[in-house]
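Quick notes on the structure that follows.
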Amino acid sequence: MAIPSADWLTPPMVAVGAETLTVVLEERFGVRGTLQDLGSQQDLNHRVRTEDGGDHVLKIANPTTRPAALDRQVRAVEALTAAAPDLRLPRARPGTDGAFVQRITVDGVDLCARLLDHVTGEPIMDSRYLAPEVVARLGELSGRVVTGLAAVDVPEQDDARLWDLRNGLAVVEALAPQLTDRAAATRVLAAARAAHAHLAPLAHRLPVQTIHGDVTDNNVVCETGRAGRARPVGVIDFGDLGPGWAVAELAVTCASVLHHHGCGPASVVPAVRAFHAVRPLGADEIDALWPLIVLRCAVLVASGRFDALQDPDNAYAAAALDREWAMLEAALSVPTEVMGAHFRAATGHPEQPGPPTAPHPLLVEPGGSVTFLDLSVLSDDLHGGAWLAPDAEATSAARAFAAGAAVVLTRHGEHRITRSRPEDPAAATLALGVELRTAGPVTLTAPWAGTLVHHGPHGVTLTADGWHLVIDDIDEGGSGGGRGRASAVRAGDPIGTFTPRDGGPAAHVLLTRLAHDTPPRFAAPGLAPGWLASCPDPTDLILPAGSAEPAPTSPTGDDAGTSPAALLARRDRSFATVQEHYYGAPPRVERGWREYLLDTEGRCYLDVLNNVTVLGHGHPRLATAVHRQWQRLNTNSRFHYASVVELSERLVELLPAPLDQVFLVNSGSEAVDLALRLAWAATGRQDTVAIGEAYHGWTYASDAVSTSIADNPGALASRPDWVHALPAPNAYRGVHRGTEAGRYAPEAVAAIEALTASGRPPGAFICEPYYGNAGGMALPEGYLEQVYTAVRAAGGLCVADEVQVGYGRLGHHFWGFDQQGVVPDIVTVAKAMGNGHPLGAVITTREIAAAYRTQGYFFSSAGGSPVSSVVGLTVLDVLRDEKLQDNARTVGDRLRAGLQELAERHPLIGAVHGSGLYLGVEFVRDRSTREPATEETAAICERLRELGVIVQPTSDRQCVLKIKPPLCLTPHSADRFVSALDDTLTHGW
Numbered sequence: 000m001a002i003p004s005a006d007w008l009t010p011p012m013v014a015v016g017a018e019t020l021t022v023v024l025e026e027r028f029g030v031r032g033t034l035q036d037l038g039s040q041q042d043l044n045h046r047v048r049t050e051d052g053g054d055h056v057l058k059i060a061n062p063t064t065r066p067a068a069l070d071r072q073v074r075a076v077e078a079l080t081a082a083a084p085d086l087r088l089p090r091a092r093p094g095t096d097g098a099f100v101q102r103i104t105v106d107g108v109d110l111c112a113r114l115l116d117h118v119t120g121e122p123i124m125d126s127r128y129l130a131p132e133v134v135a136r137l138g139e140l141s142g143r144v145v146t147g148l149a150a151v152d153v154p155e156q157d158d159a160r161l162w163d164l165r166n167g168l169a170v171v172e173a174l175a176p177q178l179t180d181r182a183a184a185t186r187v188l189a190a191a192r193a194a195h196a197h198l199a200p201l202a203h204r205l206p207v208q209t210i211h212g213d214v215t216d217n218n219v220v221c222e223t224g225r226a227g228r229a230r231p232v233g234v235i236d237f238g239d240l241g242p243g244w245a246v247a248e249l250a251v252t253c254a255s256v257l258h259h260h261g262c263g264p265a266s267v268v269p270a271v272r273a274f275h276a277v278r279p280l281g282a283d284e285i286d287a288l289w290p291l292i293v294l295r296c297a298v299l300v301a302s303g304r305f306d307a308l309q310d311p312d313n314a315y316a317a318a319a320l321d322r323e324w325a326m327l328e329a330a331l332s333v334p335t336e337v338m339g340a341h342f343r344a345a346t347g348h349p350e351q352p353g354p355p356t357a358p359h360p361l362l363v364e365p366g367g368s369v370t371f372l373d374l375s376v377l378s379d380d381l382h383g384g385a386w387l388a389p390d391a392e393a394t395s396a397a398r399a400f401a402a403g404a405a406v407v408l409t410r411h412g413e414h415r416i417t418r419s420r421p422e423d424p425a426a427a428t429l430a431l432g433v434e435l436r437t438a439g440p441v442t443l444t445a446p447w448a449g450t451l452v453h454h455g456p457h458g459v460t461l462t463a464d465g466w467h468l469v470i471d472d473i474d475e476g477g478s479g480g481g482r483g484r485a486s487a488v489r490a491g492d493p494i495g496t497f498t499p500r501d502g503g504p505a506a507h508v509l510l511t512r513l514a515h516d517t518p519p520r521f522a523a524p525g526l527a528p529g530w531l532a533s534c535p536d537p538t539d540l541i542l543p544a545g546s547a548e549p550a551p552t553s554p555t556g557d558d559a560g561t562s563p564a565a566l567l568a569r570r571d572r573s574f575a576t577v578q579e580h581y582y583g584a585p586p587r588v589e590r591g592w593r594e595y596l597l598d599t600e601g602r603c604y605l606d607v608l609n610n611v612t613v614l615g616h617g618h619p620r621l622a623t624a625v626h627r628q629w630q631r632l633n634t635n636s637r638f639h640y641a642s643v644v645e646l647s648e649r650l651v652e653l654l655p656a657p658l659d660q661v662f663l664v665n666s667g668s669e670a671v672d673l674a675l676r677l678a679w680a681a682t683g684r685q686d687t688v689a690i691g692e693a694y695h696g697w698t699y700a701s702d703a704v705s706t707s708i709a710d711n712p713g714a715l716a717s718r719p720d721w722v723h724a725l726p727a728p729n730a731y732r733g734v735h736r737g738t739e740a741g742r743y744a745p746e747a748v749a750a751i752e753a754l755t756a757s758g759r760p761p762g763a764f765i766c767e768p769y770y771g772n773a774g775g776m777a778l779p780e781g782y783l784e785q786v787y788t789a790v791r792a793a794g795g796l797c798v799a800d801e802v803q804v805g806y807g808r809l810g811h812h813f814w815g816f817d818q819q820g821v822v823p824d825i826v827t828v829a830k831a832m833g834n835g836h837p838l839g840a841v842i843t844t845r846e847i848a849a850a851y852r853t854q855g856y857f858f859s860s861a862g863g864s865p866v867s868s869v870v871g872l873t874v875l876d877v878l879r880d881e882k883l884q885d886n887a888r889t890v891g892d893r894l895r896a897g898l899q900e901l902a903e904r905h906p907l908i909g910a911v912h913g914s915g916l917y918l919g920v921e922f923v924r925d926r927s928t929r930e931p932a933t934e935e936t937a938a939i940c941e942r943l944r945e946l947g948v949i950v951q952p953t954s955d956r957q958c959v960l961k962i963k964p965p966l967c968l969t970p971h972s973a974d975r976f977v978s979a980l981d982d983t984l985t986h987g988w
């Protein structure tokens, strides 16, 4: 559409003084109030607070805006109000003469003024991170606006408008030549022309209606939700209202997401889905969406830079330049065809047709058996960290050739963990092509007739019917002449040869429909559907029919019900849902190594949560020991064998006298249950004193003494009468805080003495000696010494629950009770003791152990089995040999210092608790009131997962990050966690 520049180039706004504005308010609208300049790229906007409490916006339109257009804006807002009464909208207030648009003259220039309701809420004016739910809400809002405006008449004669994307190419072509940055001008012009070329065949089929034209992050108003996230609730600034493609409304909204921190092309998908749910998108609109996003970004860049040249004092326009360029760069980072295919998958539209059947294979004579490598998270060739080796893929191939394979292929669409990187959760792991290795030289032939081009000294591209078969890393030769020259070939003609070379690359085969972009060999998982539709599987083109079994299915496909979402649905159908899972949409985690976890898409996560795997995930020494013992013997501890004796002796060596008797069990719950039964048997009394906000297990006895309402909301009301809970000795947010925390112990002693005086002396006192469930918090100094003394004076026994905090995790102490300078009567151990294997222990005195005979005998089927005993011994060996307690101390101190530094800069952090690698970061909304930031903590955990860190909330208020990584955590990983948390707290969640 050709449009004369005078009709749409917006000149700088006329200056209008405060005195004039005050007169306009009083004379034209009968209003008196204070004025606050709101800024604008083209108009004048002032917030008006009136003497009677009214809140409005006085808008003086740019002189190029016609009064009829302003009248349409008023009518459109009223129509949208009727269609969506819950939206907050800037309704116009009539002037003293009843007209909504008041005409005024300033310095000889005719202007139009309107007084609008001020819409409460805050626009998203910065580039902070937008969570998927916020992006979805933007898309939903955009869809509701389009639906609400659908009935608003489109004027018969449409004024040419700068922001109407139907004019996008004309705008960029007019403005780009005038920009001083020629490189930027060239790039933006090329982007606009490429986008227009995609749109041209679709344009006449796209629905046109009245649209807002600017439903963007800074034109929606938001409330702040409980989690601290913006919640869009209204729309302002109808200055770009007019006819346009309906899908352009969504394109404008999506483009505005792209400059936000951590956002990229995949980030707009929640908006597309939400828009589609409100106002379904047609197939043509889906195909037009990404070109429109690119075109919108190009117009923003060209217009913004032109405005900055024309009006260098316009701070509003100048401030937007960097973010507009960031939007364009993001929009150009992925081919249009890929985004179109991705949007089709996201909205349920059918994929485009696949490639034609090949009459001839690329490899005519495989010469023997064909092996497909498994480089996924489930591969048995990549244990022990082998996936991190630079030559991991070549090593797997060499193993296949050694087993007799003639041809070795990789799998298309596989998320390879050999391409995962611990420091990069968005690493490109998705294989878009197939790698071909052969035992000897082979000739490659054309699968179909087409045009062959040598695109490099070791690569050819065969093109036919819009499909391109790209083959790289082959020998020189074949049909087609010199580099860059095209030649016609028939199906079956030789197109090159491949000769395997020691240390040389595999031939790479990629099939694509992309005509103008060379696809990467690997893509990040976030856009997998789009990339796989644009680069389908070439395997059937490589091998003769029936020469090999089909490539095994990748563990991420929905067809087998194995994708994370499909597997979660299966889990909910058969695995009782009371057994909860982390995260609303959890990744499918299938491998661990040291302090890392890997999901089926090859994403690598830093695990700072998993206190069970104290040695780290996948420790080869432990795996070897278990494998060896399973092959030899596994039975129960009634049989006589060495490992159960050796493990018991090793545990006794770690504990002070007189703790010299060991019971081996399956879990922490079983350990606590047994410990209580031992105390009851030895004292003849069941009354038990416990601590508030504590968790000890799920068996009858261990659950009875668990007082945490996070694990059981009815915990305090449902305790049996033999449980007596003391107030939680929480020095940060309990009754006594800071230096006053010393009052907890005397009060606890008084409670125990009162219980004894009432005729119910306690038989047991149980407590974590380091307050784990509260977030890794030290008990007040001297607390256990005073309480233990009072319990023993009453004839009771003291149980130290070391299930979470013991085994060197505290760094400065092997046992939690060491930190308090006490020796318990009974100690419970689990979790770390088995590094994830179900193993626990109770250690006590000979006298107490013997007292259990009054209850019969004790037996745990798997607790002291040969395998379990070997696990326990190996864990102790590795803890010692790899000096993991020392590592917990040094790395833990470093991590704590980093978290403390964050607390100095981020007021959401109320406190940093803990010791060694048992730490807690407590979030509060207000440091004075210490109001728990519960919802924020959950949202922060979700954002950290996106950044590649696994962590979860703890405490009764669920406002503490529980930081309990494997003790092999490196200083680099500790710093990475601090950096990710800093990023989240700085840029949002």
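Letter 361 of the sequence shown, counting from 1, is numbered 360 in numbering that gives the first Met the number 0, and no numbers are missing. In this text, a Cβ means the ideal position worked out from N, Cα and C, and glycines have one as well. A quick note: this is a predicted structure, and the numbers were derived from the prediction, not measured.
For this session: Identify, in the order they occur along the chain, each residue of the same chain with its Cβ nearer than 7 angstroms to the Cβ of Ile59, setting aside the five sequence neighbours on each side.
Result: Val15, Asp42, Leu43, Leu110, Ala112
Problem set entry | CA nearest to the CA of Pro389, picked from Leu294, Gly502, Thr95, Asp283 | Gly502
Exercise. According to the neighbour-count rule (16 or more other Cβ atoms, all chains shown, within 10 Å of its Cβ), is Glu18 buried or exposed?
Worked result: Exposed, because fewer than 16 other Cβ atoms sit within 10 Å of the Cβ of Glu18.
For this session: Report back the beta-carbon spacing between Val293 and Ala344 to the nearest angstrom; my notes put them in contact at under 8 angstroms.
Result: Going by Cβ atoms, the distance from Val293 to Ala344 rounds to 20 angstroms, so no, they are not a contact pair.
For this session: Please work out which residues of its chain come closer than 8 angstroms, Cβ to Cβ, to Ala938, disregarding the five sequence neighbours upstream and downstream, and give them in chain order.
Result: Ala130, Ala226, Gly227, Arg228, Trp988
Exercise. CA-CA distance, Leu114 and Ala183?
Worked result: Roughly 39 angstroms between the two C-alpha positions.
Exercise. Do you know how far the Cα of Thr209 is from the Cα of Val151?
Worked result: 6 angstroms
For this session: Run the CB neighbour count on Gly545, radius 10 Å, all protein chains shown included, and call it buried at 16 or more, exposed below.
Result: exposed
Exercise. Among Ala849, His905, Val869, which residue has its Cα nearest to the Cα of Arg631?
Worked result: The shortest Cα separation from Arg631 among Ala849, His905, Val869 belongs to Val869.
Exercise. DSSP state of Asp892, grouped into three classes?
Worked result: helix
Problem set entry | Proximity of Val704 and Ala840 at Cβ, strictly below 8 angstroms | no
Exercise. Between which two residues does the beta strand (DSSP E) containing Ala486 stretch?
Worked result: Correcting the residue type first, residue 486 is Ser in the shown sequence and not Ala. Unbroken beta strand (DSSP E) run through Ser486: 485-488.
For this session: Sort out for me which residues DSSP pairs Thr49 with in a bridge.
Result: Residue pairing by DSSP puts Thr49 in a beta bridge opposite Gly32.
Exercise. If we ignore side chains and look at the alpha-carbon of each, how far apart do Ala357 and Asp539 end up?
Worked result: If you take the alpha carbons of Ala357 and Asp539, they lie about 8 angstroms apart.
For this session: Would you mind working out which of Val822, Val613, Arg975, Leu675 sits nearest Asp876, comparing C-alpha positions?
Result: Val613
Exercise. Any idea which residues DSSP pairs Ile470 with across the strands?
Worked result: Val459, Val508
Exercise. Per DSSP, what kind of secondary structure is Ile939 in: helix, strand or coil?
Worked result: helix
Exercise. Around the Cβ of His580, are there at least 16 other Cβ atoms within 10 angstroms (buried) or fewer (exposed)?
Worked result: exposed
For this session: Give the straight-line distance between the Cα atoms of Thr985 and Val100, rounded to the nearest whole angstrom.
Result: 43 angstroms
Exercise. Does the distance from the C-beta atom of Leu542 to that of Pro365 stay below 8 angstroms?
Worked result: yes
Exercise. For Lys58, does the three-state DSSP call read helix, strand or coil?
Worked result: strand
Problem set entry | Bridge partners - Gly839, DSSP secondary structure assignment | Gly839 is bridged to Val664.
For this session: Quick one: grab the DSSP three-state call for Ile2.
Result: Because Ile2 sits at a pLDDT of 44, beneath the cut-off of 50, its placement in the model cannot be relied upon, and the following sentence gives the value as read from the coordinates. Ile2 falls in the coil class under three-state DSSP.
Problem set entry | Same chain, Cβ closer than 6 angstroms to Gln1014, five either side skipped, listed in chain order | The shown model of the chain, from 0 to 988, leaves out residue 1014, and the question about it has no answer.
Exercise. Below 8 angstroms between beta carbons: does that hold for Val171 and Val187?
Worked result: yes
Exercise. DSSP state of Glu121, grouped into three classes?
Worked result: strand
Exercise. In angstroms, rounded to a whole number, what distance separates the CA positions of Gly339 and Gln351?
Worked result: 10 angstroms
Exercise. Can you find a C-beta in chain B that's less than 8 angstroms from the C-beta of Gly491?
Worked result: No chain B appears in this structure, which consists of one protein chain only.
Exercise. Pick from Glu767, Arg732, Leu725, Asn772: whose alpha carbon is nearest that of Pro761?
Worked result: The candidate whose alpha carbon is nearest that of Pro761 is Leu725.
Exercise. Whose C-beta lies closer than 6 angstroms to the C-beta of His454 among residues of the same chain, with five residues either side of it excluded?
Worked result: Thr460
Exercise. So is Ser39 buried or exposed if we call it buried at 16+ other beta carbons inside 10 Å?
Worked result: buried
Problem set entry | Tyr595 - partner residues in DSSP beta bridges | In the DSSP secondary-structure assignment, Tyr595 is bridged to Trp592, Leu605.
Problem set entry | Assigned exposure category for Glu577 - 16 Cβ within 10 Å defines buried | Correcting the residue type first, residue 577 is Val in the shown sequence and not Glu. The residue in question, Val577, is exposed, as its Cβ has fewer than 16 Cβ neighbours within 10 Å.
Problem set entry | Cβ-Cβ separation, Thr346 to Leu280 (assumed contact under 8 angstroms), whole Å | The Cβ separation is near 6 angstroms, so the contact holds.
Exercise. Which value, in whole angstroms, describes the spacing of the CA atoms of Ile416 and Arg602?
Worked result: 8 angstroms
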